[in-house]
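Report on one structure; see the data block that follows.
Protein chains: 2
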Amino acid sequence: MKNQKKFILEESRIPTHWYNIQADMKNKPLPPLNPETKQPMTAEELSRVFAAECSRQELDTQNRWIDIPEEVMEKYRYYRSTPLVRAYALEKALDTPAHIYFKNESVNPLGSHKINSALPQCYYCKQEGTTNVTTETGAGQWGAALSYAAKVFGLEAAVYQVKITMQQKPYRSSIMRTFGAAVTGSPSMSTRAGKNILTLDPTHPGSLGTAISEAVELATITPGCKYALGSVLSHVTLHQTIIGLEAEKQMEMAGEYPDIVIACFGGGSNFGGIAFPFMRHNINDGRNTEFIAAEPASCPKLTRGVFRYDFGDEAGYTPLLPMFTLGHGFKPANIHAGGLRYHGAGTIVSQLIKDKMMHGTDIPQLESFDAGILFARTEGIIPAPESCHAIAATIREAKKCREEGKRKTILFNLSGHGLIDMPSYDRYIDGDLQNYTISDEEIIRNTEGLYKA
Amino acid sequence: MKNQKKFILEESRIPTHWYNIQADMKNKPLPPLNPETKQPMTAEELSRVFAAECSRQELDTQNRWIDIPEEVMEKYRYYRSTPLVRAYALEKALDTPAHIYFKNESVNPLGSHKINSALPQCYYCKQEGTTNVTTETGAGQWGAALSYAAKVFGLEAAVYQVKITMQQKPYRSSIMRTFGAAVTGSPSMSTRAGKNILTLDPTHPGSLGTAISEAVELATITPGCKYALGSVLSHVTLHQTIIGLEAEKQMEMAGEYPDIVIACFGGGSNFGGIAFPFMRHNINDGRNTEFIAAEPASCPKLTRGVFRYDFGDEAGYTPLLPMFTLGHGFKPANIHAGGLRYHGAGTIVSQLIKDKMMHGTDIPQLESFDAGILFARTEGIIPAPESCHAIAATIREAKKCREEGKRKTILFNLSGHGLIDMPSYDRYIDGDLQNYTISDEEIIRNTEGLYKA
Numbered sequence: 001m002k003n004q005k006k007f008i009l010e011e012s013r014i015p016t017h018w019y020n021i022q023a024d025m026k027n028k029p030l031p032p033l034n035p036e037t038k039q040p041m042t043a044e045e046l047s048r049v050f051a052a053e054c055s056r057q058e059l060d061t062q063n064r065w066i067d068i069p070e071e072v073m074e075k076y077r078y079y080r081s082t083p084l085v086r087a088y089a090l091e092k093a094l095d096t097p098a099h100i101y102f103k104n105e106s107v108n109p110l111g112s113h114k115i116n117s118a119l120p121q122c123y124y125c126k127q128e129g130t131t132n133v134t135t136e137t138g139a140g141q142w143g144a145a146l147s148y149a150a151k152v153f154g155l156e157a158a159v160y161q162v163k164i165t166m167q168q169k170p171y172r173s174s175i176m177r178t179f180g181a182a183v184t185g186s187p188s189m190s191t192r193a194g195k196n197i198l199t200l201d202p203t204h205p206g207s208l209g210t211a212i213s214e215a216v217e218l219a220t221i222t223p224g225c226k227y228a229l230g231s232v233l234s235h236v237t238l239h240q241t242i243i244g245l246e247a248e249k250q251m252e253m254a255g256e257y258p259d260i261v262i263a264c265f266g267g268g269s270n271f272g273g274i275a276f277p278f279m280r281h282n283i284n285d286g287r288n289t290e291f292i293a294a295e296p297a298s299c300p301k302l303t304r305g306v307f308r309y310d311f312g313d314e315a316g317y318t319p320l321l322p323m324f325t326l327g328h329g330f331k332p333a334n335i336h337a338g339g340l341r342y343h344g345a346g347t348i349v350s351q352l353i354k355d356k357m358m359h360g361t362d363i364p365q366l367e368s369f370d371a372g373i374l375f376a377r378t379e380g381i382i383p384a385p386e387s388c389h390a391i392a393a394t395i396r397e398a399k400k401c402r403e404e405g406k407r408k409t410i411l412f413n414l415s416g417h418g419l420i421d422m423p424s425y426d427r428y429i430d431g432d433l434q435n436y437t438i439s440d441e442e443i444i445r446n447t448e449g450l451y452k453a
Numbered sequence: 001m002k003n004q005k006k007f008i009l010e011e012s013r014i015p016t017h018w019y020n021i022q023a024d025m026k027n028k029p030l031p032p033l034n035p036e037t038k039q040p041m042t043a044e045e046l047s048r049v050f051a052a053e054c055s056r057q058e059l060d061t062q063n064r065w066i067d068i069p070e071e072v073m074e075k076y077r078y079y080r081s082t083p084l085v086r087a088y089a090l091e092k093a094l095d096t097p098a099h100i101y102f103k104n105e106s107v108n109p110l111g112s113h114k115i116n117s118a119l120p121q122c123y124y125c126k127q128e129g130t131t132n133v134t135t136e137t138g139a140g141q142w143g144a145a146l147s148y149a150a151k152v153f154g155l156e157a158a159v160y161q162v163k164i165t166m167q168q169k170p171y172r173s174s175i176m177r178t179f180g181a182a183v184t185g186s187p188s189m190s191t192r193a194g195k196n197i198l199t200l201d202p203t204h205p206g207s208l209g210t211a212i213s214e215a216v217e218l219a220t221i222t223p224g225c226k227y228a229l230g231s232v233l234s235h236v237t238l239h240q241t242i243i244g245l246e247a248e249k250q251m252e253m254a255g256e257y258p259d260i261v262i263a264c265f266g267g268g269s270n271f272g273g274i275a276f277p278f279m280r281h282n283i284n285d286g287r288n289t290e291f292i293a294a295e296p297a298s299c300p301k302l303t304r305g306v307f308r309y310d311f312g313d314e315a316g317y318t319p320l321l322p323m324f325t326l327g328h329g330f331k332p333a334n335i336h337a338g339g340l341r342y343h344g345a346g347t348i349v350s351q352l353i354k355d356k357m358m359h360g361t362d363i364p365q366l367e368s369f370d371a372g373i374l375f376a377r378t379e380g381i382i383p384a385p386e387s388c389h390a391i392a393a394t395i396r397e398a399k400k401c402r403e404e405g406k407r408k409t410i411l412f413n414l415s416g417h418g419l420i421d422m423p424s425y426d427r428y429i430d431g432d433l434q435n436y437t438i439s440d441e442e443i444i445r446n447t448e449g450l451y452k453a
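Keeping their order, the protein sequence lines are chains A and B.
For the first sequence, position 401 matches number 401 in UniProt numbering, and the numbering has no gaps at all.
For the second sequence, position 28 matches number 28 in UniProt numbering, and the numbering has no gaps at all.
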């Protein structure tokens, strides 16, 4: 087929295993620590909060391939594979010799990649006798996916949504309600953690860190309730590798292999999801692909953070995780990419950054929306503000190709659409948005005293 | 593949022709009339407002297959085929022996089937030297699609959006603005038609009829500007037959043939799009499929309207069309399915109703949302309020199958998703919505004096 634009796998070719990069890493990630004892956490300890199977997956550094349960495969087959698309119109607009492909996770149920991990997490909870599941959500993509997945497997869902994004994007709360979930703005007065945060700062806009604290607390004190996380942790990223494993087969259909793989970066699951399956060929087969994680300039943990043991949440309820971090007390600016407003990077990615297997790049807010609008007008899909960061990084690389006269193949993950984020686009078009940055002093202040990793 | 859920055509199998049912109809639709002379309109007369090629297609009762231009095919291939999905989870929830399939047009760029006609209409305009295009939009699905298609082919777009839906669903105006279109709420003071309407009723909420009047007026007085319509007319329905032609091949992949085909009904293009390719086998090959058009009980032109020559718009600017109508002055209740708030049915469908080749069914607003929420919770896609009507009709048929112990195969068109319509779902969940109906007297009052067809 001349100029084929779209590559889709036959149902029988959808991957039936997730890829666990921990098995292939020469330097394994440092273990999460019990904050009290500073000893490595066991799977059993983790399973007080998470599903037991997720806790096992979290610490698995041995098994390269993890079976996807048939009940999950059945749900995956319902919407997967997602299309791999060649962005001809964007290439043309950029006048670049680069070949640009994107994996379109925006056509998933609920409009983002999040469903890929929500389904297995709820499935394992159900299998293990859990009745209720709780979580945090930033922009609402994860909360929406979890609300639906909970309904699929017959669980009740309670979601803590970051207060500022709840106000910026009210439609996502409505979506969660449509699926029958209970939604609370965080920080709230419904938990001890929330009360403590509001006591110190009654106008706290919330962050993923505050919402995680509240959800973890709810899971801890509620019988039959487990906590499900939408990113950061290794088992979440594991589930997302279905994206890259599909993309690998689809790039083969297109007769190409990526020189550069790009994704936006909040906690790391959508990045790892598309990147790790390709990175295994860098590790094992001498490939030389470049991996770029696009983070907001206002929340630059990859490019300017420090490597420390830090809490995953604001209140300090989670295990200590070895991560590139801006400090768990860091309050990110109110950028519209709510899913990227998180202080730390997952443990796997943090180790890979140390080992120079990948690198971050930081994108100012205005550049991200500018990229998103160009993408919309050329490719017809309005991207989520988070995904706009990946597009901006892609455009930078494509322009570099034009300047250097190089024909590189670039693959990026379109993690979600932005139809629920239209107020953000409105504000950008009206000239009401701005760039944010943070000072070195603020980073030092927020990270001093953290436990050395 | 056991229990295959999703059927997608290889790119090489995407249809390259549209199907023109007018060529196969035993009783051709009556011609549109010039309102002054009451003489049949010629293609040349129509092309004062519409693209010349669209005007030719409108009156073509001879050619069964119309070539899709290669430039349009190239854009179609970018997102088509859309998936045909077996709704196992919905079947299970209904405990029905029926097999339910839906064609998922919600994954298209801009989230609905509308792009299928927006692309060729803008392409023809561009080919014919037009620089500007204008249109009306109800819920905003058509306006969004046209704004993008205009951008694709380098035209400027001006959209009149029904005022009440603009208020109910502000995000769709934002989408159109993101694509660079000028958006005006209708009725407005920017046209003579709008001024006249507002003079009589300053609080007029707008309707597709008022917005069409304004757009047609703008096209008439602006050099280089053509008008593009999103439904009702025969050439629009022609473009939408890509849906049914794909579905025919996909049902074959599934090893089934539909006993019933269902779509929601506003002007008729999404209905005709999925139904006509199957209806040709009723006409030509002795098939016996039942075709059901699901309209809102508050706007029941198919089930309770009269067959007359009527204007397509409120101000009386369009040709006289032979249609089942509630009268062009009819003000539909403010239901949330904005795309179904239209007084008349297209000329082809009106003839087919007369010839008993299909029938309408009317769905109260509350039943439509109830169906939509069941569909969301089972299939993971929040449907547009318009599409909820098709789902409600499907559920009625599936329940009938259960009661009668019959295993029928039902195919419906999921014309779009409802992510932009969350305020409507909010109001439904909060119990703030109601059913609307109209009295026989109101219908008689609105249709008396119309020209007999």
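Note that beta-carbon positions come from the ideal geometry of N, C-alpha and C, so glycine has one too.
Bear in mind the structure is a predicted one, so any value in this text is a computation, not a measurement.
Requested in this report: Find the residues of chain A that neighbour B/Ala228, judging by a C-beta separation of less than 9 Å, and give them in chain order.
Outcome: None at all; the shortest Cβ gap to chain A is about 17 Å.
Query raised in the report: Which residues in the same chain as B/Ile164 place their Cβ atom closer than 6 Å to its Cβ, once the five residues preceding and following it in sequence are excluded?
Result: Pro205, Gly206, Asn334
Query - For A/Pro322, the residue or residues it bridges with in DSSP - result: A/Tyr309
Report task. Using a Cβ cut-off of 8 Å (strictly closer), state whether A/Ala376 contacts chain B. Result -> yes
Query raised in the report: Going along the chain, which unbroken runs of the alpha helix (DSSP H) with 4 or more residues stay wholly within the segment 58-89 of chain A?
Result: 70-79
Query raised in the report: chain B beta carbons: is any one of them nearer than 8 Å to that of A/Asp426?
Result: yes
Requested in this report: Return the residue from the list B/Glu314, B/Tyr227, B/Asn108 that minimises the CA-CA distance to B/Ala145.
Outcome: B/Asn108
**Report entry** Interfacial residues, the segment 260-288 of chain A to chain B, with Cβ spacing under 8 Å
**Finding:** none
Query raised in the report: Name the chain A residues whose beta carbon is nearer than 8 Å to that of B/Lys399?
Result: Per Cβ cutoff of 8 Å: no residues; B/Lys399 is ~21 Å from chain A at best.
Report task. Keeping to the same chain, check which residues put their C-beta closer than 6 Å to that of A/Gln39; ignore five residues upstream and five downstream. Result -> none
Query raised in the report: Does DSSP classify A/Gly339 as helix, strand or coil?
Result: helix
Query raised in the report: How about A/Met251: is its C-beta nearer than 8 Å to some C-beta of chain B?
Result: no
**Report entry** Beta-ladder partner(s) of A/Glu136, from DSSP
**Finding:** A/Tyr160
Query raised in the report: Cα separation between B/Ala181 and A/Pro423?
Result: 17 Å
Query raised in the report: At a Cβ threshold of 8 Å, is A/Lys92 touching chain B?
Result: no
Query raised in the report: Should A/Leu433 be flagged as near chain B, meaning a C-beta pair shorter than 8 Å?
Result: no
Query raised in the report: Just to confirm, does A/Cys264 get its C-beta within under 7 Å of one of the non-hydrogen atoms of the ligand GDP?
Result: Inclusion of the ligand GDP in the displayed structure is not the case, the ligand content being empty and no account of it being possible.
Query - Local Cβ density within 10 Å of B/Asn413, reported as buried at 16 or more and exposed below that - result: buried
Requested in this report: Step through the CB atoms of chain B and report whether any lies within less than 8 Å of the CB of A/Ser174.
Outcome: yes
Query raised in the report: Looking only at C-alpha atoms, which of B/His343, B/Tyr19, B/Ser12, B/Met166 sits nearest to B/Gly266?
Result: B/His343
Report task. Assign B/Gln62 to one of two classes, buried (16 or more other C-beta atoms within 10 Å of its C-beta) or exposed (fewer than that). Result -> exposed
Query raised in the report: Counting only beta-carbon atoms, is A/Lys103 nearer than 8 Å to chain B?
Result: no
Requested in this report: Run the CB neighbour count on A/Asp285, radius 10 Å, all protein chains shown included, and call it buried at 16 or more, exposed below.
Outcome: exposed
Report task. May I ask you to report which of helix, strand or coil DSSP gives B/Asn284? Result -> helix
Report task. Let me know if B/Glu441 comes out buried or exposed under the rule of 16 or more other beta-carbons within 10 Å of its beta-carbon. Result -> exposed
Query raised in the report: At least one CB of chain B closer than 8 Å to the CB of A/Met422: is that the case?
Result: yes
Query raised in the report: If we ignore side chains and look at the alpha-carbon of each, how far apart do A/Phe324 and B/Thr378 end up?
Result: 40 Å
**Report entry** B/Val232 versus B/Glu217 - alpha carbon distance
**Finding:** 18 Å
Query raised in the report: Taking buried to mean at least 16 other C-beta atoms within 10 Å of its own C-beta, is B/Tyr451 buried or exposed?
Result: exposed
Report task. Go through its chain and collect everything with a Cβ distance to B/Arg192's Cβ below 7 Å, but skip five positions before and after it. Result -> Glu217
**Report entry** Contacts of A/Lys5 in chain B (Cβ-Cβ under 7 Å)
**Finding:** Arg77, Tyr78
Query raised in the report: Thinking just about the alpha-carbon of each residue, which of A/Thr237, A/Ile100, A/Glu91, A/Arg304 is nearest to the one in A/Trp18?
Result: A/Thr237
Query raised in the report: So the alpha helix (DSSP H) A/Phe291 belongs to, where does it begin and stop?
Result: Run containing A/Phe291: none in the alpha helix (DSSP H); it sits in the beta strand (DSSP E), 290-296.
Requested in this report: Counting only the same chain and skipping the five closest in sequence on each side, list residues whose C-beta sits under 7 Å from that of A/Met189.
Outcome: Lys195, Leu198
Query raised in the report: Is the beta carbon of B/Tyr78 less than 8 Å from the beta carbon of A/Leu419?
Result: no
Query raised in the report: What first and last residue would you give for the alpha helix (DSSP H) that runs through B/Val216?
Result: 208-221
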